[in-house]
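Visitor: Pasting a structure here, questions to come.
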Amino acid sequence: MAQTQIQTRDETTIDPIAQHPGFEETESKVAVAGHPIHAMTVAFPIALTFCNFGADALYWWTGDVFWARAAVWAAGMAFLIGLAAAASGTLELLLVPGIRARASSWTHAIIAIVLLSALGTNWGYRLHGYEAAVLPYGILLSGFCVIMVGATGWHGGKLVFDYRLGTSNGS
Ligand code: HEM
């Protein structure tokens, strides 16, 4: 009877990215007293993008020009504060070795750039006649921005709460 020989080997998987010098260095460098500026600024474009969509929906429902004017302001501020948030995020990405080394940080940057392009288009489109711009393309654009800001914010949260990027190591 043939005997089955089971060979065991000590197999250790080595992640070459984790060998990168500074891989464990993930603490924020763009911060005020240890509090990351990116985390402080992202709340504004997120909230304003939702306000923009809400104002478009209320304009559609009521026909009141007040909502079309509120929508153009929300769209503009979402874009401009979004640019400021992206500037602090980009500095973190480039300056912090442990953030720079992780692919997920770059994924977040790419999603965010798609979002910023949509926010800029949405605002620019409304500047030459904000009332006429709402239906149908304004609300379609603001709906797309809501989806993209949700994806960007959710992914940013993953970077912080799952991978602990930007956080202090507690020492
Ligand atoms: C090119 C642009 C961007 C880059 C390179 C970037 C990069 C980063 C990085 C490295 C983090 C980890 C935390 C830190 O180090 O501060 C982060 C977190 C985050 N990002 Fe971005 N980001 C960009 C734009 C945006 C935009 C436009 C938004 C949303 C409007 C956004 C939403 C978030 C959120 C919600 C977090 C989690 C913050 C927390 O809850 O503490 N990011 N981002």
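The sequence shown begins at 1 in full-length UniProt numbering and counts up by one. We treat Cβ as the ideally placed atom computed from N, Cα and C, and that holds for glycine. These numbers were taken from a predicted model, which means no experiment stands behind them.
#1: Per DSSP, which one or two residues make a beta bridge with A31?
#2: What distance in whole Å lies between the Cβ atoms of T167 and G25, which are believed to be in contact at a cut-off of 8 Å?
#3: Under 8 Å between the Cβ atoms of I110 and A151?
#4: Would the stretch 111-125 and the stretch 96-103 be scored as touching if the rule is three or more Cβ pairs under 8 Å?
#5: If you check the beta carbons only, do P97 and G153 fall under 8 Å apart?
#6: Can you tell me whether G124 is buried or exposed? The criterion is at least 16 other CB atoms within 10 Å of its CB, across all chains shown.
#7: Alpha carbon to alpha carbon, how far is L127 from V72? Give it in angstroms, no decimals.
#8: Counting only the same chain and skipping the five closest in sequence on each side, list residues whose C-beta sits under 6 Å from that of I46.
#9: What's the call for E11, buried or exposed, on a 16-neighbour Cβ count within 10 Å?
#10: Taking DSSP as the reference, what is the three-state secondary structure of residue 185?
#11: I14 by DSSP, collapsed to three states: which one?
#12: I believe L140 touches W60 by the beta-carbon criterion, under 8 Å. Please report the beta-carbon distance rounded to the nearest angstrom.
#13: Rounded to whole angstroms, what's the CA-CA distance from T13 to D162? Just pull it up for me.
#14: Closer than 8 Å by C-beta to G120: which residues in its own chain qualify, once you throw out the five before and the five after it? Chain order, please.
#15: Tell me the DSSP secondary structure of P97 in three-state form.
Guide: In short:
#1: Residue 31 sits at position 31 when you count from the first residue of the sequence shown. According to DSSP, A31 bridges with P36.
#2: Position 25 of the sequence shown, counted from the start, is the residue given in the question as residue 25. Position 167 of the sequence shown, counted from the start, is the residue given in the question as residue 167. Here residue 25 turns out to be Glu, not Gly, going by the sequence shown. Not confirmed; about 12 Å, so no contact.
#3: Numbered from 1 along the sequence shown, position 110 holds the residue referred to as residue 110. Numbered from 1 along the sequence shown, position 151 holds the residue referred to as residue 151. No, the Cβ-Cβ distance between I110 and A151 is not below 8 Å.
#4: No: fewer than three Cβ pairs fall under 8 Å.
#5: Locating residue 97 in the sequence shown gives position 97, where the first residue counts as 1. Locating residue 153 in the sequence shown gives position 153, where the first residue counts as 1. No; because the gap between Cβ atoms is not below 8 Å, this pair is not in contact.
#6: Position 124 of the sequence shown holds residue 124. Flag for G124 reads exposed.
#7: Residue mapping note: residue 72 aligns to position 72 of the sequence shown, counting from 1. Residue mapping note: residue 127 aligns to position 127 of the sequence shown, counting from 1. Within the model, the alpha-carbon separation for V72 versus L127 is close to 7 Å.
#8: Counted from its first residue, the sequence shown places residue 46 at position 46. The residues are V149 and G153.
#9: Taking the first residue of the sequence shown as 1, we reach residue 11 at position 11. The residue is exposed, with fewer than 16 neighbouring Cβ atoms inside 10 Å.
#10: Nothing can be reported for residue 185, as the shown portion of the chain is limited to 1 through 171.
#11: Within the sequence shown, residue 14 is the residue found at index 14, counting from 1. In the three-state reduction of the DSSP assignment, I14 falls in the coil class.
#12: Locating residue 140 in the sequence shown gives position 140, where the first residue counts as 1. Locating residue 60 in the sequence shown gives position 60, where the first residue counts as 1. Not a contact, Cβ separation roughly 11 Å.
#13: The sequence position of residue 13 within the sequence shown is 13, counting from 1. The sequence position of residue 162 within the sequence shown is 162, counting from 1. Computed Cα separation, rounded: 22 Å.
#14: By 1-based counting over the sequence shown, the position of residue 120 is 120. F79.
#15: Here residue 97 is taken as the residue at index 97 of the sequence shown, counted from 1. It is helical.
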